[in-house]
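A short write-up of the structure that comes next.
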Amino acid sequence: MTDDAVVTQRELQLLTLDVNGEQHEVITEPRRTLVDVLRHELRLTGTHVGCEHGICGACTVLVDDRPVRACLMFAAQAEGARIRTVESLSDGDGLGDLQRAFSEHHGLQCGFCTPGFLMLAEGFLAERPEATKEEIREVVAANLCRCTGYQTIVEAIDGCARARRRACAGLCDSKEK
2 MTDDAVVTQR ELQLLTLDVN GEQHEVITEP RRTLVDVLRH ELRLTGTHVG CEHGICGACT
62 VLVDDRPVRA CLMFAAQAEG ARIRTVESLS DGDGLGDLQR AFSEHHGLQC GFCTPGFLML
122 AEGFLAERPE ATKEEIREVV AANLCRCTGY QTIVEAIDGC ARARRRACAG LCDSKEK
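If you're matching positions, the sequence shown starts at 2 in this note's numbering and goes up one per residue.
What follows is the structure, encoded as structure tokens:
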């Protein structure tokens, strides 16, 4: 038998993924990464593909509320988990508070790395709402940006964290009355 006569059949699997609060059924190869399924199957193109080695962080999404490099995770591994992409941050038709903070503090230039920074920050602030600038600076060092430097990104995340703490304090004060 010649190589031309060998026909290989790709193995496919059905996955049910919970992405941004919606259930999606996807038929894909077991080796497909989460970032590829999000972008190509679900058309959620806010998650970017950068280095494909887990170094740059452009593909960062939240899986069960924790930042994950979607280029390093098979889509099949995410089945049964809650996945959030940058599209989940919007506030209805407008920008969410973290997105607004990035805009107000000029925390983006070309914007390619921004979705990864936003998701990294969203996961971090959920876990550490009282984070200091130094802690924020250490966390954002995990992602790469070639345009802004990191100071404006740190300022944006810190500004959002402070606003969230003020809003929370206001809610707590009104509940006590």
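Glycine included, C-beta positions come from ideal geometry on N, C-alpha and C.
Computed from a prediction, not measured in an experiment: that's the story for all the values here.
- A residue is called buried when at least 16 other Cβ atoms come within 10 angstroms of its Cβ; isoleucine 28 does not meet this threshold and is exposed.
- When only Cα atoms are considered, methionine 120 and valine 62 end up about 6 Å apart.
- Taking all protein chains shown into account, glutamate 123 has 16 or more neighbouring C-beta atoms within 10 Å of its C-beta and is therefore buried.
- DSSP, reduced to helix, strand and coil, places threonine 153 within a helical segment of the structure shown.
- Distances from the CA of arginine 11 to each of Gln152, Ala162 and Glu30 were compared; the closest alpha carbon is that of Glu30.
- When C-beta atoms of the region 71 to 87 are compared with those of the region 46 to 62, three or more pairs fall below 8 Å, so the two segments count as touching.
- By the C-beta criterion, the region 105 to 113 is judged not to be in contact with the region 135 to 145, since fewer than 3 inter-stretch pairs fall below 8 Å.
- In the structure shown, the three-state DSSP call for arginine 33 is coil.
- Nearest to glutamine 110 by C-alpha distance, out of Gly171, Cys148 and Asp19, is Cys148.
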